[in-house]
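Colleague: Here it is, the structure in full.
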Amino acid sequence: MDAALRAGIAVYNAGHYHAAHDAWEDAWLALEDGDDERLLHGLIQCSAAVHHARDRNWAGAVGLCESAREYLADLPAEYRGVDVAAVREYVDALGSDPERVERGTPPSLTYEGRALALEDLDAPAGVEAGVALAEALGYDAEFVEAGAEYAREGLAEGELNEFGVLLCDFVTEREQRALVATRLRQHVRRRQRREDDVAGLFD
Numbered sequence: 001m002d003a004a005l006r007a008g009i010a011v012y013n014a015g016h017y018h019a020a021h022d023a024w025e026d027a028w029l030a031l032e033d034g035d036d037e038r039l040l041h042g043l044i045q046c047s048a049a050v051h052h053a054r055d056r057n058w059a060g061a062v063g064l065c066e067s068a069r070e071y072l073a074d075l076p077a078e079y080r081g082v083d084v085a086a087v088r089e090y091v092d093a094l095g096s097d098p099e100r101v102e103r104g105t106p107p108s109l110t111y112e113g114r115a116l117a118l119e120d121l122d123a124p125a126g127v128e129a130g131v132a133l134a135e136a137l138g139y140d141a142e143f144v145e146a147g148a149e150y151a152r153e154g155l156a157e158g159e160l161n162e163f164g165v166l167l168c169d170f171v172t173e174r175e176q177r178a179l180v181a182t183r184l185r186q187h188v189r190r191r192q193r194r195e196d197d198v199a200g201l202f203d
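Here it is as structure tokens:
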């Protein structure tokens with residue numbers, strides 16, 4: 001959950017509000033009811049409220065602010081490193097006046113007192129942010145997710161492999177994203193071909 005939490009915060013702070021929702025969603029769906037689930041659910045509702053407000057869907061934004069407030073209501077002022085009190089304050093303000101989103105950028109989310117930027121993410125969070133951003137920016141989600149699976153396998157073994165490096169570069173190297181995505185696709189195809197070559201050899 002921690003990698004997804006940090007990834008979503010940095011993606012949100014970069015202004016990709018819908019993509020932040022994507023970064024949190026899989027981790028949220030895997031959780032049992034409890035404070036962790038309420039935190040991610042509340043953050044998802046908050047990011048969706050901002051997204052709808054930016055699209056001038058005022059009623060949708062207000063409704064999402066109300067549900068975000070409900071999910072976050074019983075959490076401590078700071079939970080899992082997130083300044084929950086500040087999130088509650090913002091959803092209260094946005095719910096009362098959704099047009100405020102046109103008068104200024106939503107405040108950054110903080111983690112352990114810092115407004116995380118994409119460049120601040122470690123490899124596990126960078127991989128998750130890469131998947132969320134790729135879909136939001138119109139890249140082929142299938143090969144990016146395949147690359148992320150290979151990256152996660154490496155990280156589980158304590159290794160930052162080429163897939164993890166490329167996904168982290170995709171997140172931080174804005175001017176080179178298309179090139180990095182092409183290289184990631186090449187690495188994924190090469191790995192998939194190798195796997196196909198050995199598949200069935202011992203059946």
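Numbering follows my numbering, in which position 116 of the sequence shown is assigned residue number 116; successive positions increment by one, without gaps. Beta carbons are placed, not taken as given, at the ideal position from N, Cα and C, and that holds for glycine. Please read these numbers as outputs of a predicted model, since none were measured by experiment.
Checking the sheet assignment: what are the DSSP bridge partners for ARG114?
Modeller: Taking the first residue of the sequence shown as position 1, residue 114 is located at position 114. DSSP lists TYR111 as partners of ARG114.
Colleague: Are three or more beta carbon pairs between the segment 50-58 and the segment 3-22 nearer than 8 Å?
Modeller: Output reads yes: the segment 3-22 touches the segment 50-58.
Colleague: Is the beta carbon of ALA23 sitting closer than 9 Å to the one on VAL91?
Modeller: Position 23 of the sequence shown holds residue 23. Position 91 of the sequence shown holds residue 91. No, they are not a contact pair.
Colleague: Put ASP83 into one of helix, strand or coil per three-state DSSP.
Modeller: Numbered from its first residue, the sequence shown carries residue 83 at position 83. ASP83: strand per DSSP, three-state reduction.
Colleague: With the cut-off set at 9 Å, would you say ALA93 and ARG103 are in Cβ contact?
Modeller: Numbered from its first residue, the sequence shown carries residue 93 at position 93. Numbered from its first residue, the sequence shown carries residue 103 at position 103. It is not a contact, given that the beta carbons lie outside the stated cut-off.
Colleague: What would DSSP say about GLU153, mapped onto helix, strand or coil?
Modeller: Counted from its first residue, the sequence shown places residue 153 at position 153. Looking at GLU153 - three-state DSSP - the assignment turns out to be helix.
Colleague: Counting beta carbon pairs with one atom in the segment 139-147 and one in the segment 26-36, are three or more of them shorter than 8 Å?
Modeller: No: fewer than three Cβ pairs fall under 8 Å.
Colleague: Less than 8 Å between C-beta atoms, sequence neighbours within five positions excluded: which residues of the same chain meet that for GLU274?
Modeller: The displayed coordinates of the chain run from 1 to 203. Any statement about residue 274 would go beyond what the structure contains.
Colleague: Where GLU173 and ALA134 are concerned, what is the direct C-alpha to C-alpha distance, given to the nearest angstrom?
Modeller: As a first step, residue 173 must be located in the sequence shown, where it is residue number 173. As a first step, residue 134 must be located in the sequence shown, where it is residue number 134. Cα to Cα, the separation comes out at about 13 Å.
Colleague: Looking only at its chain, what residues have a beta carbon closer than 8 Å to the beta carbon of ASP169, apart from the 5 residues adjacent to it on each side?
Modeller: Sequence index remark: in the sequence shown, residue 169 carries index 169 (1-based). Same-chain partners within the cutoff: GLN176, VAL180.
Colleague: Just the Cα atoms here: how many angstroms apart are ARG185 and GLU89?
Modeller: Stepping through the sequence shown from its first residue, residue 185 is reached at position 185. Stepping through the sequence shown from its first residue, residue 89 is reached at position 89. One C-alpha to the other measures close to 42 Å.
Colleague: Excluding sequence positions up to five away, which residues of its chain have a Cβ less than 8 Å from the Cβ of GLY154?
Modeller: Reading the sequence shown from its first residue, position 154 is the one you call residue 154. Around GLY154: LEU160, ASN161, PHE163, GLY164.
Colleague: In whole angstroms, give me the CA-to-CA distance for GLY138 and GLU112.
Modeller: Along the sequence shown, read from residue 1 onward, the residue named residue 138 stands at position 138. Along the sequence shown, read from residue 1 onward, the residue named residue 112 stands at position 112. If I take the Cα positions, the gap works out to 31 Å.
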